[in-house]
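The opening position of the sequence shown corresponds to residue 0 in numbering that gives the first Met the number 0, with each subsequent residue numbered one higher. Virtual Cβ for every residue (Gly too), placed ideally from N, Cα, C. Contents: one structure, followed by commentary.
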Amino acid sequence: MDRLLTGLQPSGSLTIGNYCGGISQVANYQKKYETFLFVPDMHAITVPQDPDALHKNIINAVAMYIACGVDPNLPDMHIYIQSENLYHANLSWILECHTPHGDLTRMHQFKMKSAKNEAFTEGLVTYPDLMAADILLYDAKYVPTGIDQKQHVELARNLAERFNNRYGEMFVIPEPLIPTIGAKIRDLQNPEAKMSKSTDNPKSAIFLADDEKVIRKKIMSAVTDSDGKVAYDEENKPGVSNLLTLYSVFGEVTIDEAVDKFKDGGYGDLKKGVAEVVIPKIVAFQDKYNEVIKSGIVDDVLDAGRDYSNKIAAEKYEMVRKAVGFGRI
Ligand code: AQP
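Next comes the structure, spelled out in structure tokens:
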């Protein structure tokens, strides 16, 4: 069985962007592939985090994965916390020593996040190497992701190829799995940008933990344009196209069907329609989330995931360690 791997940073409460680009894909593919779904807490600290909030976000993220349809009882589902497996950091260091600095500083995400904070850390630079280690340790063939992380998966592919050429076949070459709709859910207030959980403006993002009224308000105040015509055009009408995308993903229709439904109305009708399909799904996730938290299963799931992921990662790390000449033979 091929392996699929993904992780969602516990750097805040998850958004509907994280759902569309990450969790929903895991739920769709979970019976087809052996799945490694981890909480990248080590990635989260590439920007400052409050330690108490980080602990809570880790548990909440796992409960939310399950609430959104990930089945922790499937025999080939492994859910774990990145920092509970020391091989990620070990392999990351080796990969860092095989990555030209310029390959890291030209990454879009690095440029965007470093521009926000002049005193950025070295962790922000080497983030893609840690992500490559996350993937390559498990021979993951498929990496579900939104468009924002595609460049990082490409770096992991290049590193794997470079490594295999230099040291012999060692890593599976990973491929990004990008959804055809919903790969870039946009910021509701600045539709040129993608929606992000660590946004400074809470009106920009719909969080999976948001209350029904708040979600409605955010959708109704989403920025559109002055043209007044409901049409799908990502470049010239990013705000309206984003609303059509949300209607399509949450209403389970194609973009063309969404356009057909709203083309004779105004933006107000489109926004109301989006609220009607988004809210019931999020409310259902929240009900299930509360059940998961109450059931107390999260710790058991994470214990099993920690043990299994350590076993698999140890085997791969041993191969790499020997190949690069570390320690004793
Ligand atoms: N707006 C988005 N549209 C579609 N997919 C998205 N993803 C993130 N934002 C969108 C996908 O969600 C998964 C988890 O991403 P992450 O949390 O590890 O990091 P990120 O991509 O940096 O997400 P955020 O929300 O923007 O986090 P912060 O604000 O902390 O940087 C990935 O599959 C990602 O593609």
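Item: CB contact flag (VAL248, CYS19, <7 Å); Value: yes
Item: Supposed contact pair ALA221 and LEU207 - C-beta distance, whole angstroms, cut 8 Å; Value: In fact, because the Cβ distance is near 17 Å, the residues do not count as touching under 8 Å.
Item: Backbone CA spacing between VAL277 and HIS54 [nearest angstrom]; Value: 28 Å
Item: Near the ligand ATP: ILE184 beta-carbon under 6 Å from a heavy atom; Value: This structure does not include the ligand ATP; its bound ligands are the ligand AQP.
Item: Residue span of the alpha helix (DSSP H) that contains PHE109, given as start and end; Value: 107-115
Item: Contacts around GLY181, its chain only, beta-carbon distance under 7 Å, and the 5 residues preceding and following it disregarded; Value: CYS19, GLY20, THR244 and VAL248
Item: SER91 burial status per 10 Å Cβ neighbour count (16 or more: buried); Value: buried
Item: Beta-carbon proximity list for GLU211, same chain, < 7 Å, skipping 5 on both sides; Value: ILE278 and VAL282
Item: Interface flag, LEU301 vs chain C, CB-CB below 7 Å; Value: No chain C is present in this structure, which holds just one protein chain.
Item: Among LYS228, PRO190 and THR144, nearest to ASN17 - alpha-carbon criterion; Value: THR144
Item: Neighbourhood of THR14 by C-beta, 8 Å cutoff - its chain only, sequence neighbours within 5 removed; Value: ILE184, MET194, SER195, LYS196, ALA204, ILE205, PHE206 and LEU207
Item: Whether GLY304 touches HIS77 by CB criterion (7 Å); Value: yes
Item: Same chain only: Cβ atoms within 6 Å of GLN8, ignoring 5 sequence neighbours per side; Value: PRO39, HIS42 and ALA43
Item: Classification of PRO201 by the beta-carbon crowding that lies within 10 angstroms, buried from 16 upward; Value: exposed
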